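Here is the structure we will look at.
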Amino acid sequence: MTFNPLEQRGIPLDRQVRSWRELDVAPIDPDHCDPYTRCRIITMNGIEVEAILFSHQLARHTADPEIKRQLARVRYVEAQQQKVVNWLLPGVSSVLETTIAYEQVAVDLTAWVARMEPDPYLKQAYQFGVLEDFDHLYRYANLYEMIEHRKAESIVDGLTEVMPGRPTRFHHRDPVDNVRDPYAKDATNPLSKLHALTIMSAEQQTMNFYMNTGPTYMEPIARRLYQEIGLIEEEHVTHYESLVDPGETWWEQLVNHEYNECYLYYSFMEQESDPKVRAIWELHLNMELEHLHAACDLMRRHDGRDPAEVLAPELPNVLTFEPNKAYVRELLATQIDLTTLGAGYVREAHERFEAMQARLHGDEAPPSDQVMAEHQDMFDREYRLETEGEHPDPALREK
Amino acid sequence: MATSAPTPHAGDDNATDDDVVSLLMRQHGDIRNLFDEVESATGDERRDAFRRLVRLLAVHETAEEEVVHPFARRNLPGGDQVVDERLAEEREAKEVLASLEEADPDSPDFAERLRALRTAVQEHARAEERYEFTHIRRSGDAGRLAAMARGVKAAEAMAPTRPHPGVESGTANVLLGPLAALMDRTRDAVRSAMGG
Ligand SMILES: [Fe+2]
Ligand SMILES: [Fe+2]
Ligand SMILES: [Fe+2]
Ligand SMILES: [Fe+2]
Ligand SMILES: [Fe+2]
Ligand SMILES: [Fe+2]
Chain U
1 MTFNPLEQRG IPLDRQVRSW RELDVAPIDP DHCDPYTRCR IITMNGIEVE
51 AILFSHQLAR HTADPEIKRQ LARVRYVEAQ QQKVVNWLLP GVSSVLETTI
101 AYEQVAVDLT AWVARMEPDP YLKQAYQFGV LEDFDHLYRY ANLYEMIEHR
151 KAESIVDGLT EVMPGRPTRF HHRDPVDNVR DPYAKDATNP LSKLHALTIM
201 SAEQQTMNFY MNTGPTYMEP IARRLYQEIG LIEEEHVTHY ESLVDPGETW
251 WEQLVNHEYN ECYLYYSFME QESDPKVRAI WELHLNMELE HLHAACDLMR
301 RHDGRDPAEV LAPELPNVLT FEPNKAYVRE LLATQIDLTT LGAGYVREAH
351 ERFEAMQARL HGDEAPPSDQ VMAEHQDMFD REYRLETEGE HPDPALREK
Chain W
1 MATSAPTPHA GDDNATDDDV VSLLMRQHGD IRNLFDEVES ATGDERRDAF
51 RRLVRLLAVH ETAEEEVVHP FARRNLPGGD QVVDERLAEE REAKEVLASL
101 EEADPDSPDF AERLRALRTA VQEHARAEER YEFTHIRRSG DAGRLAAMAR
151 GVKAAEAMAP TRPHPGVESG TANVLLGPLA ALMDRTRDAV RSAMGG
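This is how it looks when you write it as structure tokens:
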């Protein structure tokens with residue numbers, strides 16, 4: 001497979017605006033869809049939201065009205081893409097169902113990226129983070145059974161296991177310890193830039209989703225759990241965004257965004273099992289190719305540099321949603337007791353970590369522990385989905 | 001062990017059940033679980049799961065008609081219209097159910113109609129949760145919500161919907177035929193539990 005987006009042309013920009021009829025997409029069936037179709041939808045929604053927010057920030061830092069107008073034109077198309085993509089999610093799904101799918105995305109997307117990431121420091125950042133979203137999935141799954149009497153396996157369908165990760169109570173670190181060191185933009189593998197942008201965008205959307213939907217619950221334990229995990233997603237956005245080299249110019253960043261959209265739509269088009277959804281990935285890829293060319297023109301004009309210098313010569317291997325059970329189990333066995341200190345990782349609970357823990361938890365159990373206690377009271381057991389045998393960490397096996 | 005033990009039906013877990021809305025939302029999940037069971041089973045097992053689904057749906061909808069909809073009609077702004085829409089959906093679902101009783105559960109036609117029914121039932125349940133239940137929680141005091149929960153639990157007790165090992169074959173025939181009678185009995189049980 002060789003696909004170089006720089007050499008392909010797509011749908012001309014002035015023909016990209018769609019009518020109401022074209023925007024009115026049929027949602028997927030929550031009870032019979034491919035779980036990874038839902039994961040791809042959630043991922044691309046996060047990517048489009050980032051495209052929109054980034055373009056707004058750029059416009060606010062741009063004085064030239066002609067450039068502002070051009071950004072507005074492309075951004076309107078991104079906004080329509082976001083509507084089409086996210087409106088593939090069905091109205092009959094509950095917030096909690098969608099939440100479980102968000103955490104499945106975080107697990108299988110981050111695990112795959114960790115496996116493929118060439119830079120060891122960046123790889124460690126993904127390995128560290130995935131064990132936390134893995135635990136969120138487990139907590140939300142227990143809440144889901146309490147409120148809706150449904151098992152999370154009806155959503156994740158045995159593709160992703162549901163069991164304890166790094167316990168959520170330990171995710172609350174002093175904020176300064178969430179800041180990582182960035183990659184070096186000129187030395188790093190172009191694939192690493194795409195990885196960082198993708199995971200940052202997905203986590204940012206998760207943060208936004210929890211901060212807005214959490215308070216729609218009336219059940220006290222649900223409200224509190226969304227508050228707690230919402231704060232951890234803030235930590236995750238801090239963690240991942242700090243991996244990106246802040247020395248990239250605005251135009252270089254714009255090019256990276258558009259290139260990444262091409263990469264992901266191309267990847268998902270290649271593996272999509274639902275033909276109607278696949279047609280959307282293909283259409284959007286053909287739109288993104290022109291966004292990319294427009295962004296490259298801006299970079300050439302304003303930075304006086306050729307975008308090909310900062311991009312890969314061809315698209316990397318397609319980003320794939322697939323089970324990562326063995327990989328996650330290996331991390332569970334080896335990295336569960338890690339925390340961060342400065343921009344690195346340690347095993348001991350250091351002073352700053354302990355201070356933050358004491359400040360936040362006081363002498364009370366955090367919502368993520370309360371949800372387990374309430375679930376236990378209701379069902380005399382917890383909810384898990386361990387398809388590959390017992391938990392790799394003996395201390396985390398069900399008692 | 002791959003997965004945890006089956007989720008018990010609403011009323012059979014250890015929840016305090018002092019809130020009719022939580023109880024009914026869990027029952028919506030039980031109904032959805034039974035649809036899964038019917039879809040994944042074949043032959044006699046599918047027949048049995050389908051019978052349990054029919055019973056649970058009948059009991060659930062009857063309890064809602066007796067307990068929830070009247071309260072919504074009286075207490076919600078625009079309650080009449082909301083309830084009329086829900087009742088129309090429930091009527092339609094019952095008609096499909098009745099027609100499915102005669103179909104061969106292993107025929108492709110059955111699977112297709114079951115799927116259409118499942119979609120309709122799920123849309124109906126979410127509409128209740130969003131347009132009816134949220135308002136009931138807001139406008140009913142704790143005592144009222146608890147009284148309504150007692151009514152729903154009385155209905156559940158009237159018509160056990162769990163599998164009864166060893167007795168399926170004996171009771172199978174009486175389960176489906178007298179669906180109308182089952183609904184009548186449920187209605188009576190709810191009324192007496194709620195002191196009406
Ligand atoms: Fe886009
Ligand atoms: Fe998470
Ligand atoms: Fe996260
Ligand atoms: Fe774009
Ligand atoms: Fe109903
Ligand atoms: Fe209902």
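Chains as they are written, first to last, in UniProt numbering: chain U, 1 to 399; chain W, 1 to 196.
Glycine included, C-beta positions come from ideal geometry on N, C-alpha and C.
A quick note: this is a predicted structure, and the numbers were derived from the prediction, not measured.
Between residue i and ligand 5, is there a pair consisting of the residue's CB and a ligand heavy atom that are separated by less than 7 Å?
i: H124 of chain W; result: yes
i: E48 of chain U; result: no
i: E61 of chain W; result: yes
i: E64 of chain W; result: yes
i: E156 of chain W; result: no
i: R86 of chain W; result: yes
i: E92 of chain W; result: no
Between the alpha carbons of residue i and residue j, how many angstroms are there, rounded?
i: D17 of chain W; j: L23 of chain W; result: 6 Å
i: V49 of chain U; j: Q82 of chain U; result: 7 Å
i: F379 of chain U; j: G29 of chain W; result: 15 Å
i: A10 of chain W; j: R26 of chain W; result: 6 Å
i: R381 of chain U; j: N189 of chain U; result: 47 Å
i: D135 of chain U; j: K151 of chain U; result: 16 Å
i: R47 of chain W; j: I336 of chain U; result: 46 Å
i: G91 of chain U; j: A127 of chain W; result: 10 Å
i: A349 of chain U; j: P167 of chain U; result: 14 Å
i: T110 of chain U; j: I199 of chain U; result: 7 Å
i: E161 of chain U; j: H171 of chain U; result: 20 Å
i: M183 of chain W; j: R137 of chain W; result: 26 Å
i: L191 of chain U; j: E270 of chain U; result: 18 Å
Could you please give the first and the last residue of the uninterrupted alpha helix (DSSP H) stretch that includes residue i?
i: L71 of chain U; result: P65 to N86
i: T119 of chain W; result: P108 to E128
i: L319 of chain U; result: Segment: none, L319 of chain U is in no alpha helix (DSSP H) and carries neither H nor E.
i: S33 of chain U; result: At residue 33 of chain U the sequence reads Cys, which differs from the Ser that was named. C33 of chain U -> no alpha helix (DSSP H), and no H or E assigned at all.
i: A202 of chain U; result: P190 to T213
i: M269 of chain U; result: W250 to Q271
i: E88 of chain W; result: Looking at the sequence itself, residue 88 of chain W is Ala, so the reference to Glu does not match. Looking at the DSSP string, the run of the alpha helix (DSSP H) that includes A88 of chain W is G79 to E101.
i: H291 of chain U; result: P275 to D303
i: P313 of chain U; result: From DSSP, P313 of chain U is part of no alpha helix (DSSP H); its letter is neither H nor E.
i: M372 of chain U; result: P367 to F379
Kindly say whether residue i, judged by its beta-carbon, lies nearer than 8 Å to any beta-carbon of chain U.
i: A5 of chain W; result: yes
i: G29 of chain W; result: yes
i: N14 of chain W; result: yes
i: M148 of chain W; result: no
i: E92 of chain W; result: no
i: D36 of chain W; result: yes
i: N33 of chain W; result: yes
i: E123 of chain W; result: yes
i: R26 of chain W; result: yes
i: R144 of chain W; result: no
i: R137 of chain W; result: yes
i: R55 of chain W; result: no
i: A111 of chain W; result: no
i: A63 of chain W; result: no
Under the criterion of a Cβ to heavy atom distance below 7 Å, does residue i qualify as lining ligand 3?
i: T249 of chain U; result: no
i: A59 of chain U; result: no
i: T206 of chain U; result: yes
Ends of the beta strand (DSSP E) at residue i?
i: G344 of chain U; result: G344 to V346
i: T339 of chain U; result: T339 to L341
May I ask whether a heavy atom of ligand 2 can be found less than 7 Å away from the beta carbon of residue i?
i: E234 of chain U; result: no
i: A127 of chain W; result: no
i: I229 of chain U; result: yes
For residue i and chain W, any beta-carbon pair shorter than 8 Å?
i: V371 of chain U; result: no
i: K151 of chain U; result: yes
i: Y383 of chain U; result: yes
i: F128 of chain U; result: no
i: F134 of chain U; result: no
i: I147 of chain U; result: yes
i: D274 of chain U; result: no
i: M356 of chain U; result: no
i: M378 of chain U; result: yes
i: T99 of chain U; result: no
May I ask whether a heavy atom of ligand 6 can be found less than 7 Å away from the beta carbon of residue i?
i: E95 of chain W; result: no
i: L76 of chain W; result: no
i: L56 of chain W; result: no
Ligand 1 and residue i: does the residue's C-beta get closer than 7 Å to at least one heavy atom of that ligand?
i: Q81 of chain W; result: no
If you measure from each CB to the nearest heavy atom of ligand 4 and keep those under 6 Å, what residues do you get, in chain order?
Taken from the N-terminal end onward, the list reads U:A51, U:E78, U:E258, U:E261, U:E288 and U:H291.
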